[in-house]
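Working notes for the structure below.
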Amino acid sequence: SLAVYVFFFLRLPPLTPGIRLMPLWRVFMKCFFKNSIAALIWTSGIGPFLRFLRESRLVAIAYHRLSDVPHPLAIHPRMFAAQIMYLKKRGYQSVLIRDITAADKNKKAAVYFDDGFRDLPAINILATFFLTTDYLDQKNGNDYLTWQEAVSLKDRGEIGSHSVTHRKLTKIPLAEARQEMTQSKQLLEERLGVPITSFSYPKGRSSQELEMLAREVGYTLTTADKRFRKVRPDPGESLAVFKLKLLGIL
């Protein structure tokens, strides 16, 4: 309902330094209209037809954090559970990013979390955790994991790189982008003792040149791979919107 959206957005805390978002009223209106349109599509019977035409065999679902406290990057745990339940209902097998393109005909869904926030979920599915190395052990605030906490992720799925500083790699020289990819990979492997073969682009920005560079420095897969559909749920969105995003709509 409209009251729920208003309550959610009014409770949003001040933005974390470095996070820049559109004005709050625009976020609210965008979310409200997307939810309304999605509800109409599914209740009218158009949704199932679109799903028949557009459902992808391979999808990667991008998250940052889960929390019942409103935050610009946080999905509510109940909505997250509903999304995972829907994936299972549609027959998707939970896999790690590194395994999503394995040669078989099964429907696969790779769930991953960017940045390395501390409030990572205790979930019963496989997940990949992309860590930004400069964010770990931050002294200001306690939003991000410590290196000691990051070690525990080894038993919960795959660990990947999300660069050193979280800069948009498309906005810096390729030489600096190489350093971001290489140094984060080396540091994660040294500190955590696991091979790092997957890379998630900061801000989701990539290019053909960066894809080639990622292969050169030792990554076998990135979140920009064209073989799967990337889906990013946003806070305040309904399950109906999520179902359309899985189809590459909205």
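All residue numbers in the sequence shown are consecutive under my numbering, ending with 242.
Using N, Cα and C, we set each Cβ at its ideal position, and we do this for glycine too.
- Taking C-beta separations shorter than 8 Å and ignoring five residues to either side along the sequence, the partners of Leu205 in its chain run Leu166, Ala169, Arg170, Met173, following chain order.
- Under the three-state reduction of DSSP, Arg207 is assigned to helix.
- Contact between the stretch 59 to 68 and the stretch 85 to 93 is absent, with fewer than three C-beta pairs closer than 8 Å.
- Here Lys26 is buried: its Cβ has 16 or more other Cβ atoms, across all protein chains shown, within 10 Å.
- As summarised for the stretch 12 to 63, the continuous alpha helix (DSSP H) elements at least 4 residues long and confined to that stretch are 16 to 35, 38 to 46, given in chain order.
- Linking Met21 to Ile241 through their CA atoms gives a straight-line distance of about 18 Å.
- The C-alpha of Leu236 is placed about 12 Å away from the C-alpha of Lys222.
- Nearest C-alpha to Lys99 among His154, Ser230, Pro225, Arg219: Arg219.
- Per DSSP, Lys97 lies in no alpha helix (DSSP H) and is assigned neither H nor E.
- Cβ contact annotation for Trp34 (same chain, cutoff 6 Å, sequence separation greater than five): Ala232, in chain order.
- Cβ atoms of Gly149 and Phe109 stay farther apart than 8 Å, at about 15 Å.
- In this structure Ser86 does not touch Ala73 by the C-beta definition: roughly 14 Å separates them, more than the 8 Å allowed.
- Per DSSP, Lys218 is not a residue of any alpha helix (DSSP H), being assigned neither H nor E.
- For the options Ser36, Arg207, Ile151, the alpha carbon positioned closest to that of Asp106 is the one of Ile151.
- Here the C-alpha atom of Ser144 lies approximately 15 Å from the C-alpha atom of Thr125.
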